[in-house]
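So for the sequence shown, numbering that gives the first Met the number 0 puts the first residue at 0; every next one is plus one.
Just so it is clear, CB atoms sit at the ideal spot from N, CA and C, and this is done for glycine as well.
Keep in mind that this is a model prediction, so the values were computed, not measured.
Take a look at the structure set out below.
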Amino acid sequence: MRDYIKILLVFALPVFANSKYVGNYYNNVIEEDSCNLSQELLDEIHSYEDTANKIINSLINGKYKGGTYKELAQFVDKFGARVSGTENLENAIDYALNLMTENDLENVHGEDVDIPHWVRNYEYAELLEPRQVKLPVLGLGGSVSTPAEERYPFAEKDRGETIKIKLSLNYTKYEDSKSRNSVGEIAGSSLPEKVVLISGHIDSWDVGVGAMDDGGGAFISWYALAVLKGLGLRAKRTLRAVLWTAEEPGLIGWQAYNATHFNELGNFTFVMESDEGTFTPLGIEYAAGTKGGCIINEIVKFLAPINATQTKSSSAVGSDISSWTESLIPGGSLLNANDKYFWFHHTQADTMDVLDPDDLDKATAVWAVVSYIIADLSEEFPRERDNFVLDNINKIRTDPLVKLVPKKIN
């Protein structure tokens, strides 16, 4: 354990922003007339219309209406913030595993991960000059305590005035502790070794209760599988829900999962993650080539009843899965009306009243429809990326946080 207690007396206060990984958009939304899918494939995709409607109706008007919100609200009320390294996070993981078991998901288990443990002790900020006033302060998770030195003298020179701030931040970094990624599946009927993975992270920061970030994403992931299982739908490929642990301190759960399952990644057909809000769903943001994009464009047509037919092409999607989707595995994330996401992100305002029950029903429907159809198609989802080849894929084995930059074909 390392304990930091230091005070900075004269400090020019900078502004920090903490955000999810965002890929560089290709900005090449695929027009329908540029698609060249075979008639056989088109016919097969179109054959899922009744199944898609069955899934959507069960969530919008039927048995599962309000289910995602109800389960998440009970979870958030019981556990609140779920900080990496805490007993509360582990209790929350036990609870989530039990939920998946009670809803008849298969192969439900936890996979061990060593995770960091950081604690916010106290924070104080006060403007001393040119006037005296207490300032609100909230350090980013993982921050270190204030060193006793002037760090940003250039800031006070901007207008030729001296600004003095008393800033005292105290945090503790403990030894790593044990945690688990939470896994539940619906095994594939004929290609069980092939996997379509859907995910969100179960941990949160210590402020707020992590309802938006990322309770919503985690719960639409396992609940989508619960809905499919309840409707008697089993795809050809395995559908796997993973609730990542310790995403907030640095994608720690994903790193451990990637290391453990690296030799299986060739069987990962498509990966999905919701970690940018579960507000009103608009469609799917995806990382795939033209053919893959054309397939997704056809699938989202089934989401017209909930107005979620938009698609957006990106070089990578997700936070935990971003290294996979950048150049290794095609994937998707929930495209949603999240303009206000950073109003609540990592603040005390991240509570259940940020979320809407109907939006969560629709988001769960998007997740269930898209993942099921991709997992059940006769044809494997294409890995090819237009004008790009994969470069040094094995880098991801030795440095799992490396962003695998596709190498352009000359």
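By the C-beta density criterion, LEU58 is buried, having at least 16 other C-beta atoms within 10 angstroms.
The way I'd put it, the stretch 281-291 does touch the stretch 327-334; three or more beta-carbon pairs between them come closer than 8 Å. Collapsing the DSSP output to three states places ALA240 in a strand. With 16 or more neighbouring CB atoms inside 10 Å of its own CB, PRO329 falls in the buried class. Listed in chain order, the non-local C-beta contacts of TYR256 below 6 Å within the same chain comprise ASN180, local neighbours out to five positions each way being set aside.
Cβ contact annotation for ALA240 (same chain, cutoff 6 Å, sequence separation greater than five): GLY183, ILE197, SER220, TRP221, LEU224, in chain order. Between ALA245 and THR85, the alpha-carbon positions lie close to 11 Å from each other. Contact between ALA124 and SER188 does not hold, since their C-beta atoms are separated by about 58 Å, which reaches or exceeds 8 Å.
In summary, TYR63 is buried, with 16 or more beta-carbon neighbours lying within 10 Å of its beta-carbon over all protein chains present. In this structure, the CA atom of LEU126 is about 57 Å from the CA atom of PHE380. The criterion of a C-beta distance shorter than 9 Å is not satisfied by ILE162 and LEU227.
When C-alpha distances from ASN337 are compared across SER318, GLU275, PRO356, the shortest belongs to GLU275. In this structure, DSSP gives ALA124 an extended state, which the three-state scheme calls strand. DSSP places LEU58 within a helical segment (H, G or I) once states are collapsed to three.
Within a 10 Å sphere around the beta-carbon of TRP243 sit 16 or more other beta-carbons, which makes this residue buried. Under the criterion of beta carbons closer than 8 Å, GLY65 and ASP355 do not qualify as touching, at roughly 11 Å.
Between the beta-carbon of TYR285 and that of ILE295 there is about 5 Å, and that keeps the pair under the 8 Å contact cut. Its Cα nearest to that of ALA80, the residue THR350 stands out among LYS69, SER312, THR350. Counting only unbroken stretches of 3 or more residues, the beta strand (DSSP E) elements lying wholly within the stretch 320-390 are 330-335, in sequence order.
For ASN296, the uninterrupted alpha helix (DSSP H) run begins and ends at 289-299, by DSSP. Between ILE114 and LYS177, the C-beta spacing is below 9 Å. A straight line joining the alpha-carbon of GLY199 with that of VAL132 spans about 40 Å. As the crow flies, the alpha-carbon of ASN120 is around 7 Å from that of THR171. SER142 sits in coil when the DSSP states are folded into three classes, being neither helix nor strand. If you draw a straight line from the Cα of VAL107 to the Cα of LEU232, it comes to about 18 Å.
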